[in-house]
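Engineer:
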């Protein structure tokens, strides 16, 4: 997951974010959040945010083990359910090709056509978690 930020900031694609990567644009709530926020407030936002992504992943690929599930939820949390929905990663998971799916994480490391070291690390961490038994 993202590092804690107590104040609003724009992520690499310009989306207003706070806490542990809470997407204020998608949640339409930046006017309701009073910055700076505490770690406790950020954790509550994260808990609420994750429900949507966990539900989506469970509906799409219910047969994942806990590590695979956590990796795919992290991927969806960072990129959004729409990106996961149209990804080859999800297509391969649904086809039962877990090895092929694991190789797809590394394709999602660009923002505004720039390869970002932070995304490279995140995707590799997700891939490693996905492959962990």
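In this note's numbering, the protein residues as written are 904 to 1036. Every residue, glycine too, gets a C-beta built ideally from N, C-alpha and C.
1. Looking at the strands, I want to know which residues DSSP matches up with residue 920.
2. What would DSSP say about residue 1017, mapped onto helix, strand or coil?
3. When the Cβ atoms of the stretch 1019 to 1036 are set against those of the stretch 959 to 976, are three or more pairs found closer than 8 Å?
4. Leaving out the 5 sequence neighbours to the left and right, which residues in its chain are closer than 6 Å to residue 1009 when beta-carbon positions are compared?
5. Would the stretch 941 to 948 count as touching the stretch 915 to 925 if we require 3 or more Cβ pairs under 8 Å?
6. Going by beta carbon distance, what residues of the same chain come within less than 6 Å of residue 980, once the five residues before and after it are set aside?
7. If you measure between the beta carbons of residue 1046 and residue 963, is that distance less than 8 Å?
8. Mapping DSSP to helix, strand and coil, what is residue 942?
9. Using three-state DSSP, classify residue 1005 as helix, strand or coil.
10. Helix, strand or coil, according to DSSP, for residue 968 in the structure here?
Structural biologist: Taking the coordinates as given:
1. Answer by DSSP bridge pairing, in chain order: 912, 926.
2. strand
3. yes
4. 1026
5. Taking a cut-off of 8 Å on C-beta distances, the stretch 941 to 948 touches the stretch 915 to 925, as three or more cross pairs fall below it.
6. 956
7. Residue 1046 is absent from the model: the chain starts at 904 and stops at 1036.
8. Under the three-state reduction of DSSP output, residue 942 falls in the helix class.
9. helix
10. Here residue 968 carries a coil assignment [DSSP, helix/strand/coil].
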